[in-house]
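Undergrad: The structure under discussion is supplied below as structure tokens; questions concerning it will follow.
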Amino acid sequence: MEGRHKARLIIGDSRSMAEVKDGEVDLIITSPPYWHLKDYGVKGQIGYGQTLHEYLTDLYMVWKECFRVLREGGRLCINIGDQFSRAVVYGRYKVIPIHAEIISQCESIGFDYLGSIIWQKKTTMNTTGGAVVMGSFPYPPNGIVEIDYEFILIFKKPGKNKIVPKEIKEASKLTKEEWKEYFSGHWRFAGAKKIGHEAMFPEELPKRLIKMFSFVGDTVLDPFLGSGTTMKVAMELNRKAIGYEINKEFLSLILSKIGDANQIDIIEREVDIVNKPPIEYLPRIKDAKPLIEPKSFNFNGERLYKVIRILNEETIETNTGLNIKFLGVKVIDRERTLKYLKDYILGKEIFIRNYQVLDEHTV
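Going left to right, the sequence shown walks through residues 10 to 372 as the working numbering numbers them.
This is how it looks when you write it as structure tokens:
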């Protein structure tokens, strides 16, 4: 890897990774953005404001670039979870098998699929941004199986592994306990707390994958760097690191996580326009787009809403016509709850952070 620093950070779109040479990377670890769950406010972002097919096509472009920059015998590890699509937003309830589509994508590009690790964690039931008990509780048959796990998909670029000196092998050894735990098909540890970035994965995840599939001195790439977790862990494990992040606002968060800005070469593209050449890829799953315009429910800013009416003990109305229903709150005393809302909430200004779209007028 060129340059005097241990890591290279490109503020740019990973659908084109022109800054990385063919076969330069030994290992790729990433967690792509979810479809339609978070608006990062960046032009050209992947996931938000797209149809399902647009989202999957853009991911396909990233995996093609990953295939190019990965050396023969190198591994690509993708952390991804399937997603709920709610009937009120998408027409009917179903689980979108995104992990299966990514396997199909990578196989068609030329990767060999080597199986998956199930990362068991306690997550929200990801729909349009909220989490509640879902289904026909307490009666059958419409209960919904909780998605409290994600997949870590493992792929290999065909070809022979590189020759590694004995001293490097010795410096990269795993203990017997690490080997048994890491190469198990099920991992159990919690997700990371959300600080400054909505979709961080814990350091334990890249740490395990880096020790499993790379040697000391190897180059690790994350095309969706986010808060910088993969880069931080790679550097701590004495690997070189490359990261792509389209959102410039994450730069300060990444630098604070790394701790030493002098260890990073930062490349910021002046113009970040990715030409989308025709590709021979058609997703196997049916296309979808929200029936409700998601940007009409974009509460990421600091906008305040004035409460003008208490509709009942669970629902308030704002000056914009938006109704807000309290989810996950058990009302024990209806009269006391109504009195509290009238005394302390009515007429006040509020902001919205975590929400779930219930219909075109209610969150």
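Just so you know, even glycine gets a beta-carbon here, dropped at the ideal spot from N, CA and C. As the structure is a prediction and not an experimental result, all values here were calculated from the model.
Thinking C-alpha only, which one of Ser193, Arg293 and Val229 is nearest glycine 124?
TA: It is Ser193.
Undergrad: I believe valine 78 touches glutamate 33 by the beta-carbon criterion, under 8 Å. Please report the beta-carbon distance rounded to the nearest angstrom.
TA: Contact holds; Cβ gap of about 6 Å.
Undergrad: Would you report the Cα separation of arginine 17 and proline 287, rounded to the nearest angstrom?
TA: Cα to Cα, arginine 17 sits roughly 30 Å from proline 287.
Undergrad: Residue ranges of each alpha helix (DSSP H) run of no fewer than 4 residues wholly in the segment 149-194, ordered along the chain?
TA: Correct list: 175-180 and 185-191.
Undergrad: Here's the rule I'm using: 16 or more other beta-carbon atoms within 10 Å means buried, otherwise exposed. How should arginine 381 be labelled?
TA: This structure cannot settle anything about residue 381, because the visible part of the chain is limited to 10 through 372.
Undergrad: Tell me, to the nearest whole angstrom, how far the beta carbon of isoleucine 255 is from that of glycine 56; I am working on the premise that it is less than 8 Å.
TA: Not a contact, Cβ separation roughly 11 Å.
Undergrad: Between the alpha carbons of tryptophan 128 and glutamate 179, how many angstroms are there, rounded?
TA: Spanning the two alpha carbons is a distance of roughly 28 Å.
Undergrad: Considering only DSSP beta bridges, list what tyrosine 253 is partnered with.
TA: In DSSP, tyrosine 253 forms a bridge with Ile19.
Undergrad: When you compare the CB positions of leucine 350 and isoleucine 317, do they come within less than 8 Å of one another, or not?
TA: Not closer than 8 Å, so no.
Undergrad: For threonine 133, which of helix, strand or coil comes out of DSSP?
TA: Residue confidence for threonine 133 is low, a pLDDT of 44 falling below 50, so the modelled location carries little weight and cannot support an answer.
Undergrad: Can you tell me which residues form a DSSP beta bridge with tryptophan 196?
TA: Trp128, per the DSSP bridge assignment.
Undergrad: With DSSP collapsed to three states, give me the class of glutamate 289.
TA: In this structure, glutamate 289 counts as coil in the three-state DSSP scheme.
Undergrad: Quick check on the DSSP output: the alpha helix (DSSP H) that includes lysine 73 runs from which residue to which?
TA: Counting along the chain, the alpha helix (DSSP H) containing lysine 73 begins and ends at 61-78.
Undergrad: Give the single residue among Tyr290, Lys165 and Asp342 whose Cα lies nearest to the Cα of histidine 62.
TA: Out of Tyr290, Lys165 and Asp342, Tyr290 has the C-alpha closest to the C-alpha of histidine 62.
Undergrad: Tell me the DSSP secondary structure of valine 242 in three-state form.
TA: Helix.
Undergrad: Does the beta-carbon of tryptophan 188 have 16 or more other beta-carbons within 10 angstroms, so that it is buried, or is it exposed?
TA: It counts as exposed.
Undergrad: How about threonine 228 and lysine 249: do their beta carbons lie closer than 8 Å?
TA: In contact: threonine 228 and lysine 249 (Cβ atoms closer than 8 Å).
Undergrad: To the nearest angstrom, report how far apart leucine 214 and lysine 182 are at their CA atoms.
TA: So the two alpha carbons sit approximately 18 Å from each other.
Undergrad: Given that a residue counts as buried once 16 or more other Cβ atoms are within 10 Å of its Cβ, and exposed if not, what is serine 265?
TA: Counting Cβ neighbours within 10 Å, serine 265 comes out exposed, since fewer than 16 surround it.
Undergrad: To the nearest angstrom, how far is it from the Cα of alanine 243 to the Cα of aspartate 231?
TA: Whole-angstrom Cα-Cα distance: 10 Å.
Undergrad: Are there 16 or more other CB atoms within 10 angstroms of the CB of glutamate 358, so buried, or fewer, so exposed?
TA: Label assigned to glutamate 358: exposed.
Undergrad: Where isoleucine 157 and lysine 130 are concerned, what is the direct C-alpha to C-alpha distance, given to the nearest angstrom?
TA: Correcting the residue identity first, residue 157 is aspartate in this sequence and not isoleucine. The straight-line gap from Cα to Cα measures roughly 5 Å.
Undergrad: How would you label leucine 355, buried or exposed, when you count the other beta carbons within 10 angstroms and need 16 or more for buried?
TA: Exposed, since its Cβ has fewer than 16 Cβ neighbours within 10 Å.
Undergrad: Classify glutamate 159 as buried or exposed, calling it buried when 16 or more other Cβ atoms lie within 10 Å of its own Cβ.
TA: Buried.
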